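Here the structure comes first, spelled out in C-alpha cells, and everything after it is commentary.
There are 2 protein chains.
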Amino acid sequence: MGNIDIKNAPVGVFDSGVGGLTVAREIMRQMPNERIVYFGDTARVPYGSKSKATIIRYSRQIINFLKTKEVKAIVVACNTASAYALEELRGELDIPIIGVVKPGAEVAANITKNGKIGVIGTVGTIESKLYNKCIREHNESAEVFGTPCPLFVPLVEEGWINDTVTMEVAKRYLAPLQDTGIDTLILGCTHYPLLRNLIGEIMGNDVTLVNPAYETAVKLSKMLEESGIKCDAPVKARAPHEFFVSDAAERFMSFANSILPYDVDTTKVVSIEEY
Amino acid sequence: MGNIDIKNAPVGVFDSGVGGLTVAREIMRQMPNERIVYFGDTARVPYGSKSKATIIRYSRQIINFLKTKEVKAIVVACNTASAYALEELRGELDIPIIGVVKPGAEVAANITKNGKIGVIGTVGTIESKLYNKCIREHNESAEVFGTPCPLFVPLVEEGWINDTVTMEVAKRYLAPLQDTGIDTLILGCTHYPLLRNLIGEIMGNDVTLVNPAYETAVKLSKMLEESGIKCDAPVKARAPHEFFVSDAAERFMSFANSILPYDVDTTKVVSIEEY
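Residue numbers (the working numbering), protein chains in the order written: chain Z, 1065 to 1339; chain L, 1065 to 1339.
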C-alpha cells in the first residue's frame, strides 16, 4: 500500500461482544476521519471465564479476519483479550496494536493525588489483578482497591442505563469503595462507561472517573499520528464503518444503534472459526 | 453390568453451568437413594447463543465423559441442549436420556383450566418457541405467552434471591404476563425455580407455577422404575455424588453449596474438549 492508501485504511476494533462499541464510539468522536471495522465475537462471549490459550487462539482468528479488511492498526477493545493475548500477538503483527487496559491504568496512576485508586470490572478482570500490575508500573506506591460488579454488564445489555434498579445495584456495589478514600476510579469493563453518570453521582465530585475507552482512543490517535498513518480525509467521502459479528447480528445492531453516533444499517455474520 | 450393579450406577446430569443444579436438587429430594454425577460446562456457558451443530457437539462430548463414569441414565438439565441435541443424541445411546423441556410443558398443558399458559425463560428459549410447540402437542388449543427475563440468571448467580432489587426486576418483567389472564406459568429456565417464592408472590394464588426441575425428577423416577434400574440402597452406603466442571470449580462449588441439600466438598475440572 502507498502512504495515502495506508492513511485511508480502516482501524480494526474487536471485542468479545458489544462492550467494545464504547471504544469505537470514542474513536468516532475523537477521530471523525477514521474508518472502523468492528468485530464482536457474540457467539463465543464471554471471554472472562476462558483460558489464556483459548483467548489467544480466538484473538488470532479475529486478527486474521481483520487483516482481510486491510486494517492499518488494531484496537483490542476487550479487557480479557488485552490481558491474555496482546503481547503474544504483537510479535506476530506488522501493524500497530493496542489494548484497553494500559491506557486507563497509566492515566489513573498519574492523576491520583492520594495514591488510592479503585477499579471496577468483571469478576475475571478483578481476580486477574491486571490493573493493579499496570498501575504499579507507573506508580509504585499506589494502593489499588478492586470490586467486581457482575450485574452491570447484563443491566447495560438490557438497556436499563438510567434506571432506578441500576442505581440501586450500583449503590450496593460501590458502597465498600466509598469507605476506602479513593480519589480515582477506573471503569475497568468496556460496558461501564455507559453507566458513567450514575456511577459519578454515587461516588461524588471528589472521585475522578477514568474511562479506558476514552484513554484508548487518545492513545490510538497519538500512535496513528506518530506512525504517519492518521487519516486526513473525512470518512463521509469514503467507505463507511463496517460491523461484523460471529452470531446474533440483529441484537448486536440494535445495541450498536442505541449507543453509537452513527447509523448502523448492516451487520454481517462471519464464521470466525474458519480464520 | 449385572442388574444390581446397574441399579447402583449413578445418574448423569449436565447443564451449561450451575442452573442444572436445581434439577440435581429435585433428584436428591425425590430419590434420596440415587447417586448423581453432575457436569457443568462452565467454560463454554452460555449455550443460548450458540448454533445447533455446536450444542450437539458439546453435548456429545459431555455424554462421552459421563459414560466414563458408567452412568445408567442421563438428564439433560439445560433448556438449550434439550431443545437442540436431545433427539439427535437419543439415537446414539443405549441408556435412557431425558430433557427438561417436555416434562414441564406436558404438565402445564394438562393442568391449565382456561388454556392460557405463560412461559418465562432466556431470550434464546423464548425466541425458539420450543415450549409453545411441546405444549401444543398435549393441548392443541392452548394459548402460550412467552416473556424473556434476561436479568434473572445473573441475579440468581449473584446470590440476590430474596432481594428488593430482584423483586423490582421481577415486577417489571412479569407485568405484561399479568395482563394476559394466564392461569399457569412455566419457570422455563433452570435458574428460575430459585426465584419461585418471589414470582409466586407477584403472580398471586390464581396462577399455578410449573417447575420443570421438579417435573423432570418425577419423570426420571418413573423412567428408572419402568426400566427396573431404580436404586433401592441408601446413597450414604455407597460412593457420594460427584461434581465436574470445565472451568472455575471454586465459584461452582460455592453456588452448589448455597442451593443443594448436600455438602459439596470437591469439584474437579475436566478438559471436556478432549472427549
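All C-beta atoms, glycine included, are put in the ideal place defined by N, C-alpha and C. Small disclaimer: the values here were computed from a predicted structure and weren't measured.
Give the DSSP-derived three-state secondary structure of Gly1264(L) in the structure shown.
Helix, per DSSP.
Count the C-beta pairs between the region 1320–1334 of chain L and the region 1114–1123 of chain L that are closer than 8 Å, then say yes if the count reaches three, no if not.
At 8 Å Cβ cutoff, the stretches do not touch.
Please confirm whether Asp1105(Z) has its beta-carbon closer than 8 Å to some beta-carbon of chain L.
No, Asp1105(Z) lies away from the interface with chain L (no Cβ there is under 8 Å from its Cβ).
If we cut at 8 Å on Cβ distances, does Val1229(L) have a partner in chain Z?
Cβ-Cβ to chain Z under 8 Å: yes for Val1229(L).
Quick one: is Asp1079(L) near chain Z, going by C-beta distance under 8 Å?
Not one chain Z Cβ lies under 8 Å of Asp1079(L).
Counting contacts by CB-CB distance shorter than 8 Å, is Glu1098(Z) in contact with chain L?
Chain L contact via Cβ: absent.
Check whether the Cβ of Lys1114(L) lies closer than 8 Å to any Cβ atom in chain Z.
It does; some Cβ of chain Z falls within 8 Å.
Hey, would you say Thr1230(L) sits closer than 8 Å to Leu1258(L), going by beta carbons?
No, they are not a contact pair.
From Asn1323(Z) to Tyr1111(Z), what distance separates their C-alpha atoms?
The question names Asn, but residue 1323(Z) is Ile in the sequence shown. Straight-line Cα distance between these residues: approximately 22 Å.
Going by other Cβ atoms of all chains shown within 10 Å of its Cβ, with 16 needed for buried, is Arg1093(L) buried or exposed?
By the neighbour-count rule (16 or more Cβ atoms within 10 Å), Arg1093(L) is not buried but exposed.
Would you list the one or two residues that DSSP bridges to Ile1119(L)?
Note: Ile1119(L) sits in no beta bridge, so no partner.
Starting from the beta carbon of Val1233(Z), find every residue of chain L whose beta carbon is closer than 8 Å, and list them in chain order.
Within 8 Å Cβ-Cβ: Val1229.
Should Thr1272(Z) and Ile1199(Z) be called a contact, given that it needs their Cβ atoms to be closer than 8 Å?
No. Outside cutoff.
For chain Z, is any of its Cβ atoms less than 8 Å away from the one on Leu1085(L)?
Not an interface residue.
Does any C-beta atom of chain C lie closer than 8 Å to the C-beta of Glu1222(L)?
Given the protein chain composition of this structure (Z and L), no chain C is represented.
Roughly how many whole angstroms lie between the Cα atoms of Lys1283(Z) and Gly1185(Z)?
Cα to Cα, Lys1283(Z) sits roughly 21 Å from Gly1185(Z).
Under 7 Å between beta-carbons, which chain Z residues line up against Ala1145(L)? List them in chain order, please.
Residues of chain Z passing the Cβ test: none, with the nearest at roughly 16 Å.
Are at least three pairs of beta-carbons, each pair with one atom in the region 1238–1257 of chain Z and one in the region 1122–1129 of chain Z, less than 8 Å apart?
The region 1238–1257 of chain Z vs the region 1122–1129 of chain Z: no contact.
Look up Tyr1237(L) in the DSSP assignment and say whether it is helix, strand or coil.
Of the three classes helix, strand and coil, the one that applies to Tyr1237(L) here is helix, per DSSP.
Could you tell me which chain L residues have their CB closer than 9 Å to the CB of Pro1218(Z), listed as they occur along the chain?
Going along chain L in sequence order, the residues near Pro1218(Z) (Cβ under 9 Å) are Pro1214, Leu1215, Val1217, Pro1218, Leu1219.
For the region 1279–1311 of chain Z, which residues have a CB atom closer than 9 Å to at least one CB atom of chain L, in sequence order?
Hits within the stretch, in order: Asp1311.
Kindly give me the distance between the Cβ atoms of Ile1059(Z) and Ile1138(Z), rounded to whole angstroms, as I take these residues to be in contact under 8 Å.
Residue 1059(Z) falls outside the range modelled here, since chain Z spans only 1065 to 1339, and no answer is possible.
In its own chain, which residues sit with a C-beta less than 7 Å from the C-beta of Arg1260(L), not counting the 5 before and 5 after it?
If we look at Arg1260(L) and ignore the five residues flanking it on each side, its Cβ neighbours are Leu1251, Leu1273, Asn1275.
Return the chain-ordered ranges of every alpha helix (DSSP H) run that is complete within the region 1188–1217 of chain L and spans a minimum of 4 residues.
As far as the region 1188–1217 of chain L is concerned, its whole alpha helix (DSSP H) runs of at least 4 residues are 1194–1202.
Is the distance from the Cβ of Tyr1278(L) to the Cβ of Glu1090(L) below 8 Å?
Their beta carbons are under 8 Å apart, which means Tyr1278(L) touches Glu1090(L) by this criterion.
Using only the alpha-carbon positions, how far apart do Cys1253(L) and Phe1308(L) sit?
Straight-line Cα distance between these residues: approximately 21 Å.
Would you decide whether Glu1265(Z) is buried or exposed? Buried here means 16 or more other CB atoms lie within 10 Å of its CB.
Glu1265(Z) is exposed by the Cβ-count criterion.
I need the straight-line Cα distance from Ser1285(Z) to Pro1212(Z), nearest angstrom please.
Taking the straight line from one Cα to the other gives about 30 Å.
Per DSSP, which residues does Glu1306(L) bridge with? Please list them.
Answer is Val1101(L).
Exposed or buried, what is Pro1167(Z) when buried is set at 16 or more other beta-carbons lying within 10 Å of its beta-carbon?
Result: buried.
To the nearest angstrom, how far is the alpha carbon of Arg1315(Z) from that of Pro1304(L)?
Taking the straight line from one Cα to the other gives about 44 Å.
In whole angstroms, give me the CA-to-CA distance for Asn1371(L) and Gly1188(L).
Given a span of 1065 to 1339 for chain L in the structure shown, any question on residue 1371(L) remains unanswerable.
Check whether the Cβ atoms of Ala1173(L) and Asn1143(L) lie closer than 8 Å to each other.
Contact: no.
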